[in-house]
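Residue numbers (our numbering): 151 to 237.
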């Protein structure tokens, strides 16, 4: 199995308006968390995430997340929240 990697950046802001600003810049807000560990707010580039999902669109994947200025985390893509807007 090929190792899947994605790069992330730490983010300071939280909330709906900050998430909207990130999406306008082509980034996806995400949270990295684990049992007994503090949650890390980060963002990934949309194109990087979409290319990762194309490799295995229906399955859960183990991903190596590299955060700038921090360490590397092994993680599962647990859920992807998608909102549909009716036109």
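All C-beta atoms, glycine included, are put in the ideal place defined by N, C-alpha and C.
Count the other C-beta atoms from every protein chain shown that fall within 10 angstroms of the C-beta of residue 188, then say buried if there are 16 or more, exposed otherwise. What you label residue 188 is simply residue 38 of the chain shown in a count that begins at 1. Label assigned to residue 188: exposed.
Spell out the partners DSSP gives residue 184 in its beta bridges. Position 34 of the chain shown, counted from the start, is the residue given in the question as residue 184. According to DSSP, residue 184 bridges with 187.
In this structure, how does DSSP classify residue 177 when only helix, strand and coil are distinguished? The residue you call residue 177 lines up with position 27 of the chain shown. Strand at residue 177.
Thinking C-alpha only, which one of 199, 178, 197 is nearest residue 191? Position 41 of the chain shown holds residue 191. Out of 199, 178, 197, 178 has the C-alpha closest to the C-alpha of residue 191.
Starting from residue 157, trace the beta strand (DSSP E) in both directions and tell me its first and last residue. Counting from 1 along the chain shown, the entry for residue 157 is found at position 7. First-last of the beta strand (DSSP E) with residue 157: 154-160.
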